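Asks: Residue numbering for the sequence shown is 286 to 715, as defined by my numbering. Have a look at the structure that comes next, please.
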Amino acid sequence: SADILVSGEHDYLESATFSQVAKLKPTNIKHTFDLSLSGMDRIFKSNLKMPLPLWLKYIGATARGTLNISKETNLTGLVERLDFDGRVETGLELTLVPDENIRLQAWALSPAMNVKLGKLFSVKSLKTNLKIKKDYRIVTEEEIKAKQSKIIPLSVRVLRVESGPVAGSSSAFVTEDTAVTKFTGALQNRFSPQHAIAFKSAYMGFGPLPLPIDHSVIDFDLNKGLPTSDYFKVELLGGTVIGSVAVLKKNDLFFLQMRLAFSGLNTDKIYPPANAKDNDDSELNGQLWALIPLSSQASTVLQQFQMDLNLSRIGTRSFERFLYALDPSESNEAIVSQRQLLRLGSPRWINVYVKDGGLSMEGEVDAQGVAVAIPSLRRLNIANVAGLDNYAAYLASIDPLIAVLEVCAANGIKIGKDGEYLKFQTATSQ
């Protein structure tokens with residue numbers, strides 16, 4: 286059941302407004318919806334025979350919906366074993382300017398909330414300040430063809446491509462100011478007490494490895510429509526991970542780019558050893574840069590994947606596990622020699638590189654106080670690494686994500702001739 290209050294008014298067929306306020310029972314979720322329309326008379330003059338995509342050229346609209354969850358809300362009836370304590374407001378707003386653009390805005394705001402889903406998931410003191418905005422320009426097939434038919438003089442094209450702002454000019458200062466503004470903005474976000482997402486602790490019990498997480502903060506934004514985090518800090522496995530992550534698009538392929546610095550990570554918290562010695566070192570310190578292709582094709586992932594891993598500290602047992610994962614059958618001579626060298630001492634530093642489907646590794650071992658270089662590993666075919674075949678079946682599930690990213694990356698909505706179709710596209714600036 287629900288308590289619903291509805292109101293509305295119209296100015297004949299030129300404009301209309303609609304408003305609804307509802308409180309859903311027994312959950313006590315509050316919901317609001319407001320809608321404003323203009324230019325409907327243009328649609329009715331065509332006897333409603335106009336294809337729906339063409340409506341975007343003639344009708345203006347603003348739609349706004351919110352959902353409020355408070356301490357009075359009872360979500361147990363909706364999701365079994367779900368416990369919720371706190372307050373959160375979510376909302377979505379759409380603004381359509383006919384024949385010009387569509388703007389989407391979404392937000393999720395919460396001063397603090399605790400969420401628990403049985404033994405699968407829990408988070409304490411979760412604070413959210415998520416605000417995102419996305420614009421789409423409305424273009425027609427006829428407009429695109431008309432612009433493409435215009436011939437730009439060669440001299441103009443050369444100037445556009447080769448000319449840059451002259452040093453000391455106002456254009457140069459604008460470019461420099463933009464870079465400085467972007468840097469200072471990111472710096473302010475890093476030290477700001479308010480982040481897009483922050484929580485005191487969390488626990489994820491689903492998946493092969495239960496993972497407890499301590500105090501963490503995450504900043505979130507859109508870069509050319511694609512999700513990005515310029516800064517995040519996560520405390521897990523007894524250590525800390527700081528870095529940035531972003532989704533990029535290059536040559537019609539999406540990538541996940543990561544830059545991480547980590548210290549104090551204890552790998553024994555993932556796989557506790559059966560007989561650990563007191564002097565065994567399982568701590569990881571280092572830096573990671575990775576470019577991960579988001580594709581459902583295993584060959585594309587293996588060939589396009591890139592990684593630079595620099596470990597300034599890695600325990601003997603952790604390094605042994607890594608070598609075993611690379612060569613469980615002990616068929617690679619370089620890896621076998623590296624294992625033998627570990628019997629004389631512990632790793633001082635290890636660097637791992639992956640590019641064009643090949644893995645290379647170098648490093649040093651401290652053998653009784655003497656730095657000894659490990660046998661270098663050159664371009665090991667990562668397609669032959671044991672266990673990778675187990676993940677190939679999961680790649681097909683990434684296709685829906687890619688479809689969503691295509692919509693996010695687009696900056697225009699193209700209307701086909703006579704309204705035959707409507708599709709998202711990336712329009713070049715004119």
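Beta carbons are placed, not taken as given, at the ideal position from N, Cα and C, and that holds for glycine. All values reported here derive from a predicted model rather than from experimental measurement.
If you draw a straight line from the C-alpha of residue 521 to the C-alpha of residue 497, how long is it?
Replies: Spanning the two alpha carbons is a distance of roughly 7 Å.
Asks: Within 10 Å of its beta-carbon, does residue 423 have 16 or more other beta-carbons around it, so buried, or fewer, so exposed?
Replies: Classification of residue 423: buried, given that the 10 Å Cβ count is 16 or more.
Asks: Excluding the 5 residues preceding and the 5 following residue 687 in the sequence, name in chain order all residues of the same chain whose CB lies nearer than 8 Å to its CB.
Replies: So the qualifying residues of the chain are 539, 579, 580, 581.
Asks: DSSP state of residue 547, grouped into three classes?
Replies: Strand.
Asks: May I ask you to verify whether the stretch 392-405 touches the stretch 370-383, counting CB pairs closer than 8 Å and requiring at least 3?
Replies: Judged by Cβ distances under 8 Å, the stretch 392-405 makes contact with the stretch 370-383, as three or more pairs qualify.
Asks: Checking 7 Å against the spacing of the C-beta atoms, do residue 569 and residue 545 come in under that value?
Replies: No. Outside cutoff.
Asks: How is the beta strand (DSSP E) around residue 512 delimited, first residue to last?
Replies: Here the beta strand (DSSP E) through residue 512 covers 511-521.
Asks: Within the chosen definition, does the stretch 590-597 reach the stretch 516-534 through at least 3 CB pairs nearer than 8 Å?
Replies: Short answer: they don't touch.
Asks: For residue 659, which of helix, strand or coil comes out of DSSP?
Replies: Of the three classes helix, strand and coil, the one that applies to residue 659 here is coil, per DSSP.
Asks: For residue 481, is the classification buried or exposed, using 16 other Cβ atoms within 10 angstroms of its Cβ as the cut-off for buried?
Replies: The residue is buried, with at least 16 neighbouring Cβ atoms inside 10 Å.
Asks: Extract the residue ranges of the beta strand (DSSP E) inside the stretch 605-665, only unbroken runs of 3 or more that lie entirely within it.
Replies: Counting whole runs of 3 or more residues, the stretch 605-665 contains the beta strand (DSSP E) stretches 631-640, 643-652, 655-658.
Asks: So which of 670, 547, 513, 337 has the shortest CA-CA distance to residue 615?
Replies: Of the listed residues, the one whose Cα sits closest to residue 615 is 670.
Asks: Bridge partners of residue 568, per DSSP?
Replies: Bridge partners of residue 568: 551.
Asks: So, helix, strand or coil for residue 599, using DSSP?
Replies: Residue 599 falls in the strand class under three-state DSSP.
Asks: Distance check for residue 485 and residue 244, CA to CA, integer angstroms please.
Replies: Nothing about residue 244 can be reported from this structure: the residues present for the chain run from 286 to 715 only.
Asks: Are the beta-carbon atoms belonging to residue 323 and residue 304 less than 7 Å from one another?
Replies: No, Cβ-Cβ distance for residue 323 and residue 304 is not below 7 Å.
Asks: Can you have a look at residue 364 and say buried or exposed, based on whether 16 or more other CB atoms are within 10 angstroms of its CB?
Replies: Counting Cβ neighbours within 10 Å, residue 364 comes out exposed, since fewer than 16 surround it.
Asks: From residue 353 to residue 505, what distance separates their C-alpha atoms?
Replies: Using only the alpha carbons, I get a separation of about 22 Å.
Asks: Please report the straight-line C-alpha distance between residue 641 and residue 389, rounded to a whole angstrom.
Replies: Their Cα atoms are separated by approximately 39 Å.
Asks: Between the beta-carbon of residue 625 and the beta-carbon of residue 660, is there less than 7 Å?
Replies: Contact: no.
Asks: According to DSSP, simplified to helix, strand and coil, what is residue 576?
Replies: Strand at residue 576.
Asks: Taking all protein chains shown into account, decide if residue 358 is buried (16 or more other Cβ within 10 angstroms of its Cβ) or exposed.
Replies: Counting Cβ neighbours within 10 Å, residue 358 comes out buried, since at least 16 surround it.
Asks: Could you tell me which residues DSSP puts in a beta bridge with residue 497?
Replies: 488, per the DSSP bridge assignment.
Asks: Check residue 341 in the structure and name its three-state DSSP category.
Replies: Residue 341 falls in the helix class under three-state DSSP.
Asks: Drop a sphere of 10 angstroms on the beta-carbon of residue 719, count the other beta-carbons inside from all chains shown, and report buried for 16 or more, exposed for fewer.
Replies: Here the chain comprises residues numbered 286 to 715, so residue 719 is not present and cannot be evaluated.
Asks: Count the other CB atoms, across all protein chains shown, that sit within 10 Å of the CB of residue 447; report buried if there are 16 or more and exposed otherwise.
Replies: Its pLDDT being 44, under 50, residue 447 is placed unreliably by the model, and nothing is read from it.
Asks: Please state the DSSP three-state secondary structure of residue 681.
Replies: In the structure shown, residue 681 sits in a helix (DSSP, three-state: H, G or I).
Asks: Could you name the residues of the same chain whose beta carbon sits closer than 8 Å to that of residue 691, not counting the 5 residues immediately before and after it, in chain order?
Replies: Same-chain partners within the cutoff: 709.
Asks: Return the chain-ordered list of same chain residues with a C-beta closer than 7 Å to the C-beta of residue 715, the five sequence neighbours on each side being excluded.
Replies: Here residue 715 scores only 42 on pLDDT, less than 50, and its place in the model should not be relied on; the value that follows carries that caveat. Contacts found: 432.
Asks: Indicate whether the contact test is met: 3 or more Cβ pairs, each with one atom in the stretch 595-612 and one in the stretch 629-641, closer than 8 Å.
Replies: The stretch 595-612 is in contact with the stretch 629-641.
Asks: Are the beta-carbon atoms belonging to residue 525 and residue 501 less than 7 Å from one another?
Replies: Against a cut-off of 7 Å, the Cβ pair of residue 501 and residue 525 comes out as no contact.
Asks: Alpha carbon to alpha carbon, how far is residue 325 from residue 588?
Replies: Distance between the alpha carbons of residue 325 and residue 588 is about 53 Å.
Asks: In this structure, what does DSSP give as the bridge partners for residue 421?
Replies: Beta-bridge pairing links residue 421 to 387.
Asks: Can you tell which of 299, 309, 355 has its C-alpha closest to the C-alpha of residue 345?
Replies: Nearest C-alpha to residue 345: 299.
Asks: Beta-carbon within less than 6 Å of residue 646's beta-carbon, same chain only, minus the 5 sequence neighbours each way: which residues are those?
Replies: So the qualifying residues of the chain are 637, 662.
Asks: Starting from residue 432, trace the beta strand (DSSP E) in both directions and tell me its first and last residue.
Replies: Careful: residue 432 lies outside any beta strand (DSSP E), inside the alpha helix (DSSP H) at 426-434.
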